[in-house]
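Visitor: Dropping the structure in here first, questions after.
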Amino acid sequence: MSQILVNKVEAETTPINGIQNYSSNSNYQIIFEFSGSDNMLLDMRSINLVYDVRYIQGSKTTTNSLDRHLNNNNIYNNGASAHPVKFANDHYTLTDPRTGNNGIISSIVWEDGNGQILEQVNNYGHQMNKIIGHQLSQDDMLTWGLWSYGVSPKSIIHANVLNADLPMCQRLFTGISNSSPMPYRVLSGKIKLILNICSPQMQLYGGTFSPYVFGGNNNPAPKNGGAQYQIRNLKVTYKNIILDRPAPIPKGGVVYSHYSSFNTTLKSSNFQNLYNFNVSRARSVVNCFIRSNKLNSYNENSYQSTKIQNNEPVASSDSQGVDIFESKVMKNGVKFPLDFTIDETPINKNQPDGKSNYDTERQYHYMSAYTPLALLNSTVLSPASENYGTYNEWTSGDVAIAPLYGISAYYDSTGGTSNFMGNSNYSQQIISGADGTTANEIYTSVLSDKVLVPTASGVVLQN
1218 MSQILVNKVE AETTPINGIQ NYSSNSNYQI IFEFSGSDNM LLDMRSINLV YDVRYIQGSK
1278 TTTNSLDRHL NNNNIYNNGA SAHPVKFAND HYTLTDPRTG NNGIISSIVW EDGNGQILEQ
1338 VNNYGHQMNK IIGHQLSQDD MLTWGLWSYG VSPKSIIHAN VLNADLPMCQ RLFTGISNSS
1398 PMPYRVLSGK IKLILNICSP QMQLYGGTFS PYVFGGNNNP APKNGGAQYQ IRNLKVTYKN
1458 IILDRPAPIP KGGVVYSHYS SFNTTLKSSN FQNLYNFNVS RARSVVNCFI RSNKLNSYNE
1518 NSYQSTKIQN NEPVASSDSQ GVDIFESKVM KNGVKFPLDF TIDETPINKN QPDGKSNYDT
1578 ERQYHYMSAY TPLALLNSTV LSPASENYGT YNEWTSGDVA IAPLYGISAY YDSTGGTSNF
1638 MGNSNYSQQI ISGADGTTAN EIYTSVLSDK VLVPTASGVV LQN
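Take any residue in the sequence shown, note its place counting from 1, add 1217, and you have its number in the numbering used here.
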């Protein structure tokens, strides 16, 4: 007997603690709950965060500075200085232009009604920086193609828009939130969404004379700790699907996509790290790098992805990027399932400076990290996105867009035939030119499938 769709109800909810306004100076945990009966499903792709975000500058002397907007490009014409004709590299406060306001979220956790963790995505800003850069579908262009989200057409536009309050309607890009509708029957009648927000120095960065460094009017040591952000009037909108009888459960269970996040420090040329992937149907493994001292700093873009770095030259704040010779994931010490050899040295040798490169083989695998390349209809990845192209953003009176560099392996284009068994020991080995003089953070994201299977004793989560 076929199911009949009775209704599709649009709804909204606020955090269960009753607070709708948040400041980045506090370590908030934000919790939402969605509930329904056996004949209902939650449309996961309909879930949106709706809020207003305000970026503000700190001050040494002004007590009400928390209400002062940023003043990028001096659009408010404070003092005697005139509106600058071009973007001044030393006078801006920005978010990463690809990550945008996605960067305010530190982690996302989904739980069912019994408190069982369905998905936990850490380092969400780092992951969104890569996802937005890798793939922009025609629908996503409407959501993330704006300067307030990222992928700014010009950094100067991105900087100016941060001076005002921004009304946001923001999709959450995790595995489960991009899966098919979830029957409340397999969620014990309820699903919980837990968000943690990041520190202001993780989200914001800028030039030497930025307001967050001097607090306005060149006053040092800002009283309120520099630039911050506020989230106001926060709520979630979503849709429930209502059927005329209990929602059907496939014989093999309900399958959904899942991201796992890992972070560790790399220093040696022969880096090897053990992972507990804890998944049996992995599709891809993605690695990105950033020098450790660029994280959580108002002076640096914390979401950029650079090559692995060596020692810092005396006359420069940027360390030397080094080549990657090989990357492999091993199962019980054996390469599995494929060998992705990446050797950038021959490419570098053909460049005048001996270091700038664009490895098309590596980039092919990187572009295919989340979606097979043949299915991509838009991407921002290119030689220019790694700062290795002939076009540089700053030549047009603009600031440089941070590079987007990484390595990946898309193991399973069919969805479910790879065999990362949870009881096996997995390690990843990255052989590179790192000499141990500089610490680099390596962020790893694993995309896989998980299954919720109803049994006589309850719903079981299969990895």
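No residue lacks a Cβ here, since even glycine has one placed at the ideal position from N, Cα and C.
1. Sorry if obvious, but does the Cβ on residue 1678 come closer than 7 Å to a heavy atom of the ligand ZN?
2. With DSSP as the reference, identify every bridge partner of residue 1469, one or two as the case may be.
3. Looking at residue 1621 and residue 1315, is the spacing between their C-beta atoms short of 8 Å?
4. So, helix, strand or coil for residue 1587, using DSSP?
5. Express the C-alpha separation of residue 1539 and residue 1415 in angstroms, rounding to a whole number.
6. Tell me which same chain residues have a C-beta within less than 6 Å of the C-beta of residue 1452, skipping the five on either side of it?
7. Nearest-angstrom Cα distance between residue 1670 and residue 1646?
8. Relative to the alpha-carbon of residue 1226, which residue among 1251, 1288, 1403 has its alpha-carbon at the smallest distance?
9. Ignore the nearest five residues each way along the sequence and tell me which others in residue 1402's own chain have a CB closer than 7 Å to its CB.
10. Since residue 1656 and residue 1627 should fall inside the 8 Å C-beta cutoff, what is the C-beta to C-beta distance between them, to a whole number of angstroms?
11. Less than 8 Å between the CB atoms is what I'm expecting for residue 1522 and residue 1650, so what's the real figure, rounded?
12. Under 7 Å Cβ to Cβ from residue 1509, same chain only, skipping five residues before and after it: list those, please.
13. Assign residue 1551 to one of three DSSP states: helix, strand, or coil.
14. Could you say which of 1450, 1476, 1381 lies nearest to residue 1665 if we only look at CA atoms?
15. Could you tell me which residues DSSP puts in a beta bridge with residue 1400?
16. Please say whether residue 1292 and residue 1377 have beta carbons closer to each other than 8 Å?
17. Among 1484, 1584, 1459, whose alpha-carbon lies nearest the alpha-carbon of residue 1528?
18. Distance, Cα to Cα, residue 1473 vs residue 1343?
19. Using the beta-carbon count (16 or more within 10 Å), is residue 1505 buried or exposed?
20. Going by DSSP in three states, residue 1231 sits in which element: helix, strand or coil?
21. Output yes or no for whether 8 Å exceeds the beta carbon distance between residue 1411 and residue 1328.
22. Contact defined as beta carbons within less than 8 Å: I believe residue 1458 pairs with residue 1398. What is the distance between those atoms, to the nearest angstrom?
23. If I measure Cβ to Cβ from residue 1390 and keep anything under 7 Å in the same chain, skipping five residues before and after, which residues do I get?
24. What is the rounded straight-line gap between the Cα of residue 1286 and the Cα of residue 1311?
25. Is residue 1623 helix, strand or coil by DSSP?
26. What is the rounded straight-line gap between the Cα of residue 1273 and the Cα of residue 1381?
27. Roughly how far, in whole angstroms, is the beta-carbon of residue 1270 from the beta-carbon of residue 1421, given that I think they are within contact range, below 8 Å?
28. Where DSSP assigns a beta bridge to residue 1517, which residues make up the other side?
29. Have a look at residue 1396 and residue 1259 and give me their C-alpha separation to the nearest angstrom.
30. Helix or strand or just coil, what does DSSP make of residue 1331?
31. Note down the Cα distance separating residue 1331 from residue 1248, rounded to an integer number of angstroms.
32. Check the C-beta distance from residue 1513 over to residue 1419 and give it rounded, since I have them as a contact under 8 Å.
33. Below 8 Å between beta carbons: does that hold for residue 1503 and residue 1405?
34. Report back the beta-carbon spacing between residue 1624 and residue 1579 to the nearest angstrom; my notes put them in contact at under 8 Å.
35. Buried or exposed: where does residue 1581 fall if 16 or more other Cβ atoms within 10 Å of its Cβ makes it buried?
Guide: Judging by the given coordinates:
1. Because no ligand of any kind appears in the structure shown, any question about the ligand ZN cannot be addressed here.
2. Partner(s): none; residue 1469 has no beta bridge.
3. Contact: yes.
4. Correct three-state label for residue 1587: coil.
5. Cα to Cα, the separation comes out at about 30 Å.
6. Here the set comprises 1229, 1231, 1267.
7. Their backbone Cα atoms lie some 34 Å apart in a straight line.
8. Restricting attention to 1251, 1288, 1403, the CA atom closest to the CA of residue 1226 is found in 1251.
9. Residues of the same chain with a CB within less than 7 Å of the CB of residue 1402, apart from the 5 flanking positions on each side, are 1255, 1463, 1464, 1466 in chain order.
10. Not a contact, Cβ separation roughly 29 Å.
11. With 8 Å as the limit, residue 1522 and residue 1650 do not qualify as a contact, their Cβ atoms being about 17 Å apart.
12. Closer than 7 Å at Cβ, skipping near neighbours: 1482, 1656, 1657, 1658.
13. When DSSP states are grouped into helix, strand and coil, residue 1551 belongs to the strand group.
14. The shortest C-alpha separation from residue 1665 is found at 1476.
15. Residue 1400 is bridged to 1258.
16. In this structure, residue 1377 places its C-beta atom within 8 Å of the C-beta atom of residue 1292.
17. Comparing Cα-Cα distances from residue 1528 to each of 1484, 1584, 1459, the minimum goes to 1484.
18. Each residue's alpha carbon lies about 22 Å from the other.
19. Residue 1505 comes out buried.
20. Coil at residue 1231, not helix or strand.
21. In this structure, residue 1328 lies closer than 8 Å to residue 1411 by Cβ.
22. About 6 Å separates the beta carbon of residue 1458 from that of residue 1398, a gap short enough to meet the 8 Å contact definition.
23. The residues are 1345, 1348.
24. Answer to the nearest angstrom: the Cα atoms are 13 Å apart.
25. Shown here, residue 1623 sits in a strand according to DSSP, grouped into three states.
26. Taking the straight line from one Cα to the other gives about 9 Å.
27. Distance from residue 1270 to residue 1421 at the Cβ level is roughly 12 Å; contact not present, criterion being Cβ atoms closer than 8 Å.
28. DSSP lists no partner for residue 1517.
29. Straight-line Cα distance between these residues: approximately 11 Å.
30. DSSP places residue 1331 in the coil class of the three-state scheme, outside both helix and strand.
31. Their backbone Cα atoms lie some 15 Å apart in a straight line.
32. Residue 1513 to residue 1419, Cβ: 5 Å. Contact.
33. Cβ atoms of residue 1503 and residue 1405: not closer than 8 Å.
34. Between residue 1579 and residue 1624 the Cβ distance is about 6 Å, and since that is below 8 Å, they are a contact.
35. Residue 1581 comes out exposed.
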